[in-house]
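Numbering-wise (our numbering), the sequence shown opens with residue -5 and increments by one.
All residues carry an ideal CB built from backbone N, CA and C; glycine is no exception.
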Amino acid sequence: MATDSRGTVIVSQRGMTLVELLVVIAILASLMALLLPAVQSARESARRVQCLNNLRQLALAGNSHVASQGHFPSNGWGYRWTGEPDRGFGEEQPGGWLYNLLPWLEQDSVRMLGAGLVGGAKRNALLAQRTSVIPLFYCPSRRAPRLYPAPESAFNSADNGLAAKTDYAACNGSRLTNGSANAQCIAEFPNCSGWNRNPFDGITGVLSRVTPAHVRDGLAHTLFAAEKHVSPDLYLSSHGADNNSCFQGNDWDVNRWVGRNLPPLQDLPGYTGQAQFGSAHAISLHAAACDGSVHVVAYGIDPAVWESLGRRNDGGEATW
């Protein structure tokens, strides 16, 4: 310790050398590299919890729909139609399953857009419906809840090339369907053309009115809805199974199918399959059964078990 002639301690003011500074920076960088994966893992864990809760709310809304209407939500008239507030909840309703669940998701104001209107005023109101973003319909691991490009239009709505979308799809069963009622169906119903009325063995489909009694395999053993596969390349744009609004009738945008050749699949760049369930999560996706329960399903699930879970009346009691 150094002192001056009066005995006062002299404190050294020596600073850090460049080498010491670089060592400190390197240590901090190493600590950040170790912490970042843990932070990212914690964030993804929180996103997964939110996604699972989204499906739980959809499943419970489905049960409330059954209690009110006597059947699971119908899925409308096909991909060229959006919801009509003046046409109830059954076969006469052109909108799809998510549109029909709105009153039990505290979104009745969206469902009633256009009520009592006609002509251009009605079409503009239904455009406001198609562009009403419901955060509950988006998986936070995939994309933010906002409008996205939607080049597919609806007969009964105005169009601006954008739509609110969904990352969740109802189970249509094992038989792929597509098609849409013709543009005159509002006036001609039920004598409309263009429908694909192929029998379906899932929970919701064209003009569907599936009751709990129709689910012979048991509500707990039957898939109601799950996350849908979308290629990461197309999260912010569109493709054939993600190019319309969340409120449209039966179509690949709002439905997915099961089958031994259609296992659930993690979102893959470059893969544009349009029929499968899947998600942005690693290892597994989330699914909801008809009794309101929610499940974590591994991508490696036995395809035969997955198919059985997606069919309401195949005679099996596949377990999650």
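- Of the other Cβ atoms in all chains shown, 16 or more fall within 10 Å of the Cβ of residue 247; this residue is therefore buried.
- Here DSSP, grouped into helix, strand and coil, assigns residue 101 to coil.
- Its chain contains 308, 310, 312 as the residues whose beta carbon lies nearer than 7 Å to that of residue 302, once the 5 sequence neighbours on both sides are disregarded; these appear in chain order.
- Ranked by how close their Cα comes to the Cα of residue 187, the residues 273, 177, 196 have 177 in first place.
- With fewer than 16 other Cβ atoms inside 10 Å of its own Cβ, residue 12 counts as exposed.
- With 16 or more other CB atoms across the displayed protein chains lying within 10 angstroms of its CB, residue 174 is buried.
- For residue 217, the enclosing beta strand (DSSP E) starts and ends at 217 to 221.
- Setting aside the 5 residues that flank it on each side, residue 237 is surrounded in the same chain by 143, 144, 145, 146, 247, each with a C-beta closer than 8 Å to its C-beta; the list follows chain order.
- Rounded to the nearest whole angstrom, the CA to CA distance from residue 81 to residue 70 is 11 Å.
- The region 55 to 72 makes contact with the region 241 to 261; the number of CB pairs closer than 8 Å reaches 3 or more.
- Close CB contacts of residue 166 within its chain, under the 6 Å cut and outside five residues either way in sequence, are with 194, 196, 199, 249, 251 (chain order).
- Contact annotation: residue 108 and residue 89 have beta-carbon atoms that are not nearer than 8 Å.
- Listed as beta-bridge partners of residue 271 by DSSP are 222.
- With a contact defined as Cβ atoms closer than 8 Å, residue 153 and residue 121 qualify at about 7 Å.
- The beta carbons of residue 275 and residue 42 sit about 6 Å from each other, so the pair counts as a contact at 8 Å.
- The alpha-carbon of residue 131 is positioned some 7 Å away from that of residue 48.
- CA-to-CA, the gap between residue 36 and residue 191 works out to about 46 Å.
- Under the DSSP assignment, residue 121 falls in the alpha helix (DSSP H) whose first and last residues are 113 to 124.
- Annotation for residue 165: the continuous beta strand (DSSP E) segment containing it runs 162 to 165.
- Taken in chain order, the whole beta strand (DSSP E) runs of length 3 or more contained in the region 274 to 314 are 278 to 283, 288 to 292.
- In the DSSP assignment, residue 95 falls within the alpha helix (DSSP H) that extends over 91 to 95.
- Nearest to residue 208 by C-alpha distance, out of 118, 233, 189, 306, is 306.
- Ranked by Cα distance from residue 181, the options 260, 255, 112 are led by 112.
- Around the CB of residue 126, 16 or more other CB atoms lie within 10 Å, so the residue is classed as buried.
- By a beta-carbon distance limit of 8 Å, residue 225 contacts residue 263. Their separation comes to about 6 Å.
- A straight line joining the alpha-carbon of residue 217 with that of residue 288 spans about 10 Å.
- In the same chain as residue 300, and ignoring 5 residues on each side of it, the C-beta atoms closer than 7 Å to its own belong to 252, 257, 258, in chain order.
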